[in-house]
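Structure, as structure tokens:
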Amino acid sequence: MTGTVLVAIAVILRVISNPLANVYQKQLTSKGNNPLIVNFLTYFLLSLFCGILLFFIQIPDLGKDFWLYSILGGIAGAMGNGFLVKALQTGDLSILGPINSYKSVVGIIAGLFLLSEIPDIWGIMGISLIIYGSYYVLDTTDERFSWKLLKNPAIQFRIWAMVLTAIEAVFIKRVILASSTILAFISWCIFGALFSFIVLFFYKTRLNTEFRRTVKLKNMNKFLLLIACIGTMQYTTNYVFDHIPVGYALSLFQLSIIVSILFGYKFFQEKEIRKKIIGSIIMILGSVLIILLEN
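Going letter by letter, the sequence shown gives residues 1 to 295 in the numbering used here.
Take a look at the structure:
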């Protein structure tokens, strides 16, 4: 298969796996499980898989850039995903997914300074269309599209998650440039586990109590499905980052918005789906503009 086809397949897998992972995260946290414990266990279980994977790959000499950006990416990712899971605990999946549309803007700004990736006029137009479409989705909240919306804790958590994971994306690209797609994936899992564990102490989490509440046989199927989705999401993310600019990749990933809305309706009976879908279609048109006219 050609490189373009493989990138397209990676984007499709990423678009499906990300909102599906959000469903499992919300199902786990809505039952009273600590979101930070759920976040740590996801990274930890993926790290165990990576430990096995290390026996089957050849590891080259890794420079200081690899370690520096792996650490920075681990910090940003652990905090960002922690905020995301906390947001999903109480917020609507069909609202929180579209907020992520702004991630491409943060990614382009960060990529401009850290990767020298300069967007062209079509890329800017596509991103503007994505942001415009988000108005229709956010206008379905009780606070409507207003500054009052920012007082919603779930929205605040999602915005922090969006900013941190957008910055993390740039760090991941630097790790990929310093090593490879698979080594960047392994470092993401291991450093994410390390720093998400540190976050537990920062929030003074009662580890024994929370682990006993969360690590139960009835939750294991959900956790296995969650790590399968997160693993697929992150590896395909790395693959796409390796082939196109980060800002454009983050824009393409917004195709998952409509999947999030449909999942929110199907699994959690969320409301005003029609208006949310209209907004999502506008966002998707922006993504298509980037796909067709990206140099």
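For each residue, glycine too, the CB sits at the ideal point set by N, CA and C.
N- and C-terminal bounds of the alpha helix (DSSP H) containing residue i
i, result
"ARG206", "Careful: ARG206 lies outside any alpha helix (DSSP H) and carries neither H nor E."
"GLY51", "35 to 53"
"ASN152", "Premise fails: ASN152 is in no alpha helix (DSSP H) and is neither H nor E."
"GLN254", "Here GLN254 belongs to no alpha helix (DSSP H), and DSSP marks it neither H nor E."
"ILE227", "217 to 241"
Cβ-Cβ separation, residue j to residue i (assumed contact under 8 Å), whole Å
i, j, result
"LEU226", "TYR24", "4 Å"
"PRO36", "LEU250", "For clarity, residue 36 is Leu in the given sequence; the question names Pro instead. In fact, because the Cβ distance is near 25 Å, the residues do not count as touching under 8 Å."
"ASP65", "ALA178", "4 Å"
"SER17", "THR232", "4 Å"
"ARG14", "PHE263", "Not quite, the Cβ-Cβ distance comes to about 15 Å (not below 8 Å), so this is no contact."
"GLY51", "GLY286", "No, GLY51 and GLY286 are not in contact; Cβ-Cβ is about 40 Å, not under 8 Å."
"HIS243", "VAL7", "5 Å"
"ASN221", "LEU28", "That belief does not hold up - the Cβ atoms of ASN221 and LEU28 are roughly 11 Å apart, past 8 Å."
"TYR248", "VAL175", "19 Å between Cβ atoms; not a contact."
"ALA21", "CYS229", "4 Å"
"ILE172", "TRP188", "7 Å"
"ILE282", "LEU129", "6 Å"
"ILE261", "ILE277", "6 Å"
"PHE223", "LEU45", "7 Å"
Quick test of the definition: if touching needs 3 or more C-beta pairs under 8 Å, does the region 68 to 75 touch the region 186 to 199? The region 68 to 75 and the region 186 to 199 touch, with no fewer than 3 CB-CB distances between them shorter than 8 Å.
Touch test, the region 27 to 44 against the region 207 to 220, Cβ-Cβ under 8 Å, three pairs minimum: Flag = yes, the region 27 to 44 and the region 207 to 220 touch.
Mind the definition here: the region 181 to 188 touches the region 236 to 252 only if three or more C-beta pairs lie below 8 Å; say whether that holds. Segments in contact, yes.
Segment contact flag, the region 156 to 163 with the region 76 to 87, C-beta cutoff 8 Å, min 3 pairs: Short answer: they touch.
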